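Visitor: If you want our numbering, it's the 1-based position in the sequence shown plus 57.
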Amino acid sequence: MISKPLQYIGYVVLFVVSFLFFVYLTFPFNILKESLVMKLNAATGLNISVHNLSPSLLLGMEAQGVRLKAPTGQEVNFAAIEVSLSTWPLLVGRLRGVLEVQDAQKNPLEVAAGFGLFTLIADATSGRQPLPDKITVKAKNYGLNDLTAFALSSYASQPGINPLVAPLLEQMEVRGRLNADIALALDLEDPTASDGSLNLSIDEFALAMNAPDFTIDDQIFEKALIKASLSGGSLKIQEGSEFSSQDISMRVSGDLLLKTPLPSSVMNLSIPVQIKGALKSQFGFLIEAMLKGTSDGNIPLQVRGTLLRPSVSYN
C-alpha cells in the first residue's frame with residue numbers, strides 16, 4: 058500500500074513531466090528563433106543565422122548551424138551552441154549554468170559557472186553584480202582558424218584603428234587548436250581560501266602573413282602554453298609558460314592577487330617579447346614606432362593594475 062505523501066509526490070512528478078513534454082511538443086521554437094536572430098542582428102550589427110533551435114534537457118536550449126557574418130564579409134560557423142542550467146545542484150542550494158560551443162568540426166569548448174543560490178538571490182535583490190564562485194573551462198582541439206580570422210577582420214574595420222595596423226591585421230592568419238582545462242574555486246568573501254588550476258595550450262599554432270609584399274615564412278610555434286595555479290588567493294603563472302616560434306619568443310610570468318570585490322584584483326604580469334630574423338627586418342619599424350620596442354627587437358611588455366582597470370606599459 059503506497060502512503061498518501063508518496064502518492065502526492067508521484068502526482069507532482071507526473072504533472073511536471075507531462076507539462077514539460079507538452080511544452081516540448083507545442084512551444085513555437087521557430088518563432089523564438091526568428092525573434093532572437095532579429096534582436097541579435099540589431100544589437101551586434103552582424104548577420105547572424107541559425108539553422109535550428111530546439112530544447113536541451115529540462116532547462117536548456119541548443120542552436121544548431123550558427124553562422125556569424127561581419128559587414129566585411131568574414132564569417133565564422135559553429136556546429137552548435139548550447140546554453141543550459143543544471144537542475145541537480147538546486148537540491149543543495151546551488152545553480153550551475155553551462156555554455157557549450159562546437160566549432161564547425163564539432164570540437165567542443167565548454168564554459169561552466171556555479172553560483173550559491175542564496176548568494177545569487179541576495180546579490181540580485183541588492184543590485185550587486187552576481188559573480189560565480191566556481192568556474193570551469195574545458196576545450197578539446199577547438200579550432201581557432203575561422204574565429205581568429207573573424208576577430209582580426211572585425212577589429213581591422215573598426216573606426217579609429219591605426220592605418221598602419223589595419224592592413225596587416227587583414228592579411229594576418231592565425232591557425233591552431235585550443236586545449237583547455239581550467240578549474241577555479243573562488244571564495245568571494247575570503248579570497249585567500251580560493252584554489253584551482255589553469256592549463257591552456259594551442260596545438261598546431263601558426264602565424265602567417267598572406268601578402269605578396271612580405272617574404273616571411275609562416276611562424277610555426279614549437280610551444281604555445283600557459284600554466285597557472287591558484288592558492289592562497291594568488292594565481293601564479295608557472296615557469297615554462299611561453300609562446301615560441303623561429304622568429305618570436307614570448308614568455309609569461311607574474312601573478313594575479315585576488316581581492317574583494319573580485320574586479321579589484323591586482324595584476325602584475327611580465328610578458329617580454331623578442332622579435333628576430335626576417336620578421337624583425339620587415340616589421341622592426343613598427344616595433345619601434347608603435348610598441349616602443351628597442352632596435353634589437355625586444356618589447357618589454359608589462360600588464361599591471363586591476364582587472365577593472367588594467368594598465369599596459371613597455372618598460
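Cβ atoms here follow ideal geometry from the backbone N, Cα and C, with glycine treated the same way. All of these numbers come straight from a predicted model, not from anything done at the bench.
Pull the bridge partners of residue 199 from the DSSP assignment, please.
Guide: 235
Visitor: Less than 8 Å between the C-beta atoms of residue 239 and residue 193, yes or no?
Guide: yes
Visitor: May I have the straight-line CA-CA distance separating residue 242 from residue 190, to the nearest angstrom?
Guide: 6 Å
Visitor: Near residue 331, which residues of its chain fall below 7 Å by C-beta distance, leaving aside the five closest residues on each side in sequence?
Guide: 306, 354 and 355
Visitor: How about residue 334: is its Cβ closer than 7 Å to a heavy atom in the ligand PLP?
Guide: Summarising the ligand content, the structure contains no ligands, and the ligand PLP is consequently not present.
Visitor: In whole angstroms, what is the alpha-carbon distance linking residue 287 and residue 312?
Guide: 9 Å
Visitor: Report the partner residues of residue 324 according to the DSSP bridge assignment.
Guide: 313 and 362
Visitor: To the nearest angstrom, how far is the alpha carbon of residue 50 from that of residue 365?
Guide: The structure shown does not extend to residue 50, since the chain is modelled only from 58 to 372, so the question has no answer here.
Visitor: Please name the residue in 289, 296, 334 and 275 whose C-alpha comes closest to that of residue 314.
Guide: 289
Visitor: Return the first residue and the last residue of the beta strand (DSSP E) that residue 121 is part of.
Guide: 117-126
Visitor: Can you tell me which of 133, 236 and 146 puts its alpha carbon nearest to the alpha carbon of residue 261?
Guide: 236
Visitor: Could one say the Cβ of residue 96 lies closer than 8 Å to chain C's Cβ atoms, at least one of them?
Guide: Absence of chain C from the displayed structure is noted, only one protein chain being present.
Visitor: State the start and end residues of the unbroken alpha helix (DSSP H) segment that holds residue 226.
Guide: In the DSSP assignment, residue 226 falls within the alpha helix (DSSP H) that extends over 223-228.
Visitor: So what's residue 161 in DSSP terms, helix, strand or just coil?
Guide: coil
Visitor: Just to confirm my understanding: we take residue 252, look at its own chain, exclude 5 residues before and 5 after, and list those with CB closer than 7 Å. What are they?
Guide: The residues are 242, 287 and 288.
Visitor: Compare the beta carbon distance of residue 142 and residue 153 with 8 Å and say whether it is the shorter of the two.
Guide: yes
Visitor: Suppose you measure from the CA of residue 281 to the CA of residue 120; what does that come to, to the nearest Å?
Guide: Their backbone Cα atoms lie some 32 Å apart in a straight line.
Visitor: Taking the alpha carbon of residue 450 as the point to measure from, which residue in 117, 112 and 107 has its own alpha carbon closest?
Guide: It is not possible to answer for residue 450, since the shown part of the chain is limited to 58 through 372.
Visitor: From the DSSP output, which residues share a beta bridge with residue 252?
Guide: In the DSSP output, where bridge partners are listed per residue, residue 252 has 242 and 288.
Visitor: Who are the near neighbours of residue 226 in its chain, counting only those whose CB is closer than 7 Å to its CB and skipping five residues on each side?
Guide: 209, 212 and 213
Visitor: Could you give the C-beta distance for residue 328 and residue 358, rounded to a whole number, given that I count them as a contact under 8 Å?
Guide: 4 Å
Visitor: What are the boundary residues of the alpha helix (DSSP H) that includes residue 174?
Guide: Looking at the DSSP string, the run of the alpha helix (DSSP H) that includes residue 174 is 174-183.
Visitor: Considering residue 279, what are the terminal residues of the beta strand (DSSP E) in which it resides?
Guide: Element bounds for residue 279: n/a, residue is neither H nor E.
Visitor: State the beta-bridge partners of residue 133 as determined by DSSP.
Guide: Answer is 125, bridged to residue 133.
Visitor: Within the continuous beta strand (DSSP E) that includes residue 109, where are the two ends?
Guide: 104-112
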